[in-house]
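Enquirer: Dumping the structure here so I can ask a few things about it.
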Amino acid sequence: MKAGSIAKRPPIVIDSKATIADAARLMAERRIGFLPVLSSGRLVGVVSERDIVKAVASGVSPDTPVESIMQREVVTVNFNDDIEAVWSLMRQLNIRHVVVMRGEEIYGVISIRDFLAERIVLSMLAQRTSPR
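Position 29 (the sequence shown) corresponds to 29 in full-length UniProt numbering; numbering is contiguous.
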């Protein structure tokens, strides 16, 4: 199974000039905790609920652009990457989300919940332990 087959589509994204309040509102409305951040249509970072909470708790104004609190180093995977490799990467880096790319375009987002919801992890484990 490939990363593109479990990625959340279409990707919900936010512009780098949008405010922290805008990002929080979008996350609440869409019931998500992670947003790819775009500038001129290109991926420039990501922002998570944790980033927002940390920023607001340290006194950053909710009117501040998300680009000032976003994580600039983005972990991406390719649309055609095997999901077992994606799962392994997420575990190795201890991250909850990855951005799925198809060429230069954002295809979608995979979260740890996507693996659990689809029971993919259990399936992979069963395949590893079954006799061949």
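Think of the CB as a built atom: it goes at the ideal place given N, C-alpha and C, for glycine as much as any other residue.
Just so it is clear, the structure is predicted and the values come from calculations on it, not from any experiment.
1) Grab me the residues of Asp82's own chain with a C-beta within less than 8 angstroms of its C-beta, minus the 5 sequence neighbours each way, in chain order.
2) Got a sec? Which residues, its chain only, sit under 7 angstroms from Ile95 by beta carbon, not counting five neighbours each side?
3) Mind pulling the beta strand (DSSP E) runs of 3 or more residues that sit fully within the UniProt domain "CBS" (7 to 64)?
4) If you count every other CB in all the chains shown that lies within 10 Å of the CB of Asp114, and 16 or more means buried, which is it?
5) For Asp63, count neighbouring C-beta atoms within 10 Å of its own C-beta (all shown protein chains included) and say buried if the count is 16 or more, exposed if not.
Expert: Per the coordinate set shown:
1) Residues Met1, Lys2, Ala3 of the same chain have their beta carbon placed closer than 8 angstroms to that of Asp82, with the five preceding and five following residues left out of the count.
2) Here the set comprises Val75.
3) The DSSP assignment places complete beta strand (DSSP E) segments of no fewer than 3 residues inside the UniProt domain "CBS" (7 to 64) at 34 to 39, 42 to 48, in order along the chain.
4) Asp114 sits buried, since 16 or more C-beta atoms from the chains shown fall within 10 Å of its C-beta.
5) Exposed, because fewer than 16 other Cβ atoms sit within 10 Å of the Cβ of Asp63.
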